[in-house]
Ligand code: ATP
Ligand code: MG
Ligand code: MG
Ligand code: MG
C-alpha cells in the first residue's frame, strides 16, 4: 500500500481513535516543567504524570503524533544523521497510550492489526523482540498472533551499547520505564545487516519500526525502581520509518517529504548531486532547527539554545562544503512549510521569525567559518600521520571562530581523525574559571560578551525558557529586538 507521510499520520490517528483513544495534539519540543529532559524525545513525555499516577484525565487511552528531537541528553542521534538510513534529529513519533487501561495483549494486538491489516505490511517481513524474561509477551506473539518463534528474539537491557537493541526502555536517567517489545522490518538481503540481537543488527537491513513499552516502574536517581500505580502502555513508531516502507524505499531520506527538502537544499546550494550525504544532513537539520525555533528556542551559548546553535552551524558547514557561497539555510523554510505546514500550522505562522533567526545565525557564523576551516586545514596538515587533533586547536576554533567541538569532529570524521576531547575540556574549564574570577571582581563581562564562545554548554543548569532569547546578538542588538522591530 502506498501512502504519503500525511496520509499515514492520519491513518494512524484514525485507527486508534476507532479503538477508543483520545486524539491528543503534539506537545512542544521544550518539555513543560521537566528539568530532567533537554527536548521532548518521545510521545510519552507529555503523559509522564499520568503514568506516575500524579495526574488524572477524562480519558485513559490516547493517541498522538509527537514531534521529537534527539540531539542531546539520553537519546542523541545527531552523530547518526547522514550515516544511517533511519535516524533524524527531528522526527515524528506515532504512539498509542494506555493509562492503567489495556496492557500487553491489546497493545500487541492493536500494533499487529495496524501494521498487517490497515497498512498491509507483509507478515513474513516482520520480526519482533521481547524482553529476555518476558514469557507473557513471547507467548502472545507466538500463540495468539502467530509469529513464528524463529522470528521472535529475546533481548536484555544492553546497558552502554549505543545502537544495539535494548528491551528495557527508559525516558532518561529517572522517570517511567519498563520492559518493551519491538517490531522490526526486514528491508531485504540486498542491504547489509543482521536480525535484532545479532552482531550485525546495527546495519540497516532490519530496521526497528515500533516500540511497545510496558510501563511498570518509576526509576529514581539512586537507581531504585518503584512500581507504578497501574501497569500502562506507551508505544512509539517513527512516522518516517513506516512511510519509508510504504513508499517502497529503503532510507528515510528517500520518502516524499525528504526528497522535497533535499531538492530544495540542492537548488539552494547549487549542486545536482542529489545523493550527497551533506544534503541529507541539511534536510534533516532544517526540520529540527525550524521546529525548535517555532517552539521558542533561540540560538545561544548554553543549554537548549546551544544545541540549536550547534545544529544550525553544522548545516551551514555542510552547505559550504557543497559549494554554497551565500546564506542559504533559511531559504529552505519555504519548502518545509509546504511539506509540513498543514500538519503543523504554527510553522506557517512562525515562518518569518524562523527565517530571520536562521539567517542572522548563518550570517554571523559565515564571518568566521572560512577562516576557521583554513585554520583547521593547516592544523591537519601539521598533524602528518597523527589521528588526534590537539585540544588547543579545537579550543581555538571554538573560542575564536565559533566552531562547536562537535562540528570540528564532524569535519574530521571522514578523514578518520578524532579530537582530543579531554584536552579541549581542560581548556574550557580554565576559561570558565577565568570568567568566574573576573566576575568576582565585579567586572561586568555581559556587555562585551562574544557570541562565539563566552560561555560553555553547561547541560541542564541553564535551560533556555521557551520564548526567551538568551544570547543572540547582531551588531550589538539582541535578535529579539530585531524580531520585534
Ligand atoms: P534505534 O534503535 O533505531 O536508534 P530507538 O530504539 O532508539 O531506535 P525508541 O526509543 O524505541 O528508538 O523510539 C521509538 C521509535 O521511534 C523507534 O522504533 C523508531 O521508529 C523511532 N525513532 C527513534 N529514534 C529515531 C530517530 N532518531 N529518527 C527517526 N525515528 C526514530
Ligand atoms: Mg536510538
Ligand atoms: Mg533500538
Ligand atoms: Mg527502540
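Residue numbers (our numbering): 189 to 673.
Backbone N, C-alpha and C fix where the C-beta goes; we use that ideal spot for every residue, glycine too.
All of these numbers come straight from a predicted model, not from anything done at the bench.
Taking the beta strand (DSSP E) that residue 424 falls in, what are its first and last residues?
Per DSSP, residue 424 belongs to the beta strand (DSSP E) from 413 to 426.
Who pairs with residue 253 in a beta bridge, going by DSSP?
The beta-bridge partner set that DSSP reports for residue 253 consists of 282.
Measure the Cβ-Cβ separation of residue 233 and residue 289 and say whether it is below 8 Å.
The Cβ atoms of residue 233 and residue 289 lie no closer than 8 Å to each other.
From what residue to what residue does the beta strand (DSSP E) around residue 483 run?
Run containing residue 483: none; DSSP gives neither H nor E here.
Measure the C-alpha to C-alpha separation of residue 384 and residue 423 and round it to an integer number of angstroms.
Whole-angstrom Cα-Cα distance: 19 Å.
Quick one: does the C-beta of residue 280 sit closer than 7 Å to a heavy atom of ligand 4?
Not under cutoff, so the answer is no.
Touch check for the region 546 to 560 and the region 497 to 516: three-plus C-beta pairs under 8 Å?
They touch, by the three-pair rule.
Distance, Cα to Cα, residue 651 vs residue 218?
Because residue 651 sits at a pLDDT of 34, beneath the cut-off of 50, its placement in the model cannot be relied upon, and the following sentence gives the value as read from the coordinates. Here the alpha carbons of residue 218 and residue 651 stand approximately 10 Å from one another.
Buried or exposed: where does residue 458 fall if 16 or more other Cβ atoms within 10 Å of its Cβ makes it buried?
Exposed: under 16 other Cβ atoms inside 10 Å.
Hey, does residue 436 have any beta-carbon neighbour from chain D nearer than 8 Å?
This model lacks chain D altogether, as it is built from one protein chain only.
Reduced DSSP secondary structure (H/G/I, E/B, other) of residue 441
Note: residue 441 maps to helix in three-state DSSP.
Any heavy atom of ligand 4 inside 7 Å of the beta-carbon of residue 396?
At least one heavy atom of ligand 4 is nearer than 7 Å to the Cβ of residue 396, so yes.
Close beta carbons around residue 199, own chain, < 8 Å, minus the five adjacent residues each side
If we look at residue 199 and ignore the five residues flanking it on each side, its Cβ neighbours are 191, 306 and 307.
Measuring CB atoms only, is the region 467 to 485 touching the region 276 to 286, in the sense that at least three cross pairs come out at less than 8 Å?
Contact annotation: the region 467 to 485 touches the region 276 to 286, with at least three C-beta pairs closer than 8 Å.
Could you check if residue 573 belongs to the surroundings of ligand 4, using beta carbon to heavy atom distance under 7 Å?
With a threshold of 7 Å, the Cβ atom of residue 573 does not count as near ligand 4, since no heavy atom of the ligand is closer than that.
Is the beta carbon of residue 368 sitting closer than 8 Å to the one on residue 401?
Taking 8 Å as the Cβ cut-off, residue 368 and residue 401 qualify as a contacting pair.
Distance, Cα to Cα, residue 435 vs residue 445?
Their backbone Cα atoms lie some 11 Å apart in a straight line.
Helix, strand or coil: which one does DSSP assign to residue 607?
Assignment of residue 607 by DSSP, reduced to helix, strand and coil, places it in the strand class.
Would you say the region 562 to 576 touches the region 517 to 529, given that touching needs at least three Cβ pairs under 8 Å?
No, the region 562 to 576 is not in contact with the region 517 to 529.
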